[in-house]
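**Student:**
In the working numbering, the protein residues as written are 16 to 126.
1) Measure the C-alpha to C-alpha separation of residue 55 and residue 99 and round it to an integer number of angstroms.
2) Candidates 48, 53, 47, 101: which alpha carbon is nearest residue 86's?
3) Could you tell me how far apart the beta carbons of residue 51 and residue 104 are, in whole angstroms, since I believe they sit closer than 8 Å?
4) With respect to the alpha helix (DSSP H) encompassing residue 117, which residues constitute its N-terminal and C-terminal limits?
5) Going straight from the alpha carbon of residue 111 to that of residue 93, what length do you get?
6) Rounded to a whole number of angstroms, what is the C-alpha to C-alpha distance between residue 113 and residue 81?
7) For residue 84 and residue 75, which I take to be in contact (beta-carbon distance under 8 Å), what is that distance rounded to the nearest angstrom?
Structure follows, in structure tokens:
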């Protein structure tokens, strides 16, 4: 028994793991679909932060400063450079929709 005379929770005999569809549905909820912006940020944040540090004589910029600079840099990215990121984001969104549909066919039919 745990402190205070209360028994610690234990696994219920015969309890089974959730069915695969439930696990897939839960995974789909936990995995947000990434945007073209977030994909681009993942590829460019370190470079932008390094450029900022170099411009400051080696002093690292703060997180908020980097976020603002990255946001401003994204606004300047030409459409032809954005296209690959937008395609990857669209593919990820389609895959997430397919996974959600296979996880819960009733929800997919309602959409």
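We treat Cβ as the ideally placed atom computed from N, Cα and C, and that holds for glycine. Only a predicted model underlies this, so the values are computations on that prediction, with no experimental measurement involved.
**Tutor:** Based on what the coordinates show:
1) Against the chain shown, residue 55 aligns to sequence position 40. Against the chain shown, residue 99 aligns to sequence position 84. Straight-line Cα distance between these residues: approximately 9 Å.
2) Mapped onto the chain shown, residue 86 falls at position 71. Selected option, being the one with the closest Cα: 53.
3) Here residue 51 is taken as the residue at index 36 of the chain shown, counted from 1. Here residue 104 is taken as the residue at index 89 of the chain shown, counted from 1. Going by Cβ atoms, the distance from residue 51 to residue 104 rounds to 4 Å, so yes, they are a contact pair.
4) Here residue 117 corresponds to residue number 102 of the chain shown, with the count starting at 1. Segment 94–118, the alpha helix (DSSP H) holding residue 117.
5) In the chain shown, the residue the question calls residue 111 occupies position 96. In the chain shown, the residue the question calls residue 93 occupies position 78. For residue 111 and residue 93, the gap between their C-alpha atoms comes out near 27 Å.
6) Walking along the chain shown from the start, residue 113 turns up at place 98. Walking along the chain shown from the start, residue 81 turns up at place 66. Between the C-alpha atoms of residue 113 and residue 81 there is a straight-line separation of about 35 Å.
7) Within the chain shown, the letter at position 69 stands for residue 84. Within the chain shown, the letter at position 60 stands for residue 75. Contact flag wrong, Cβ pair sits at about 13 Å.
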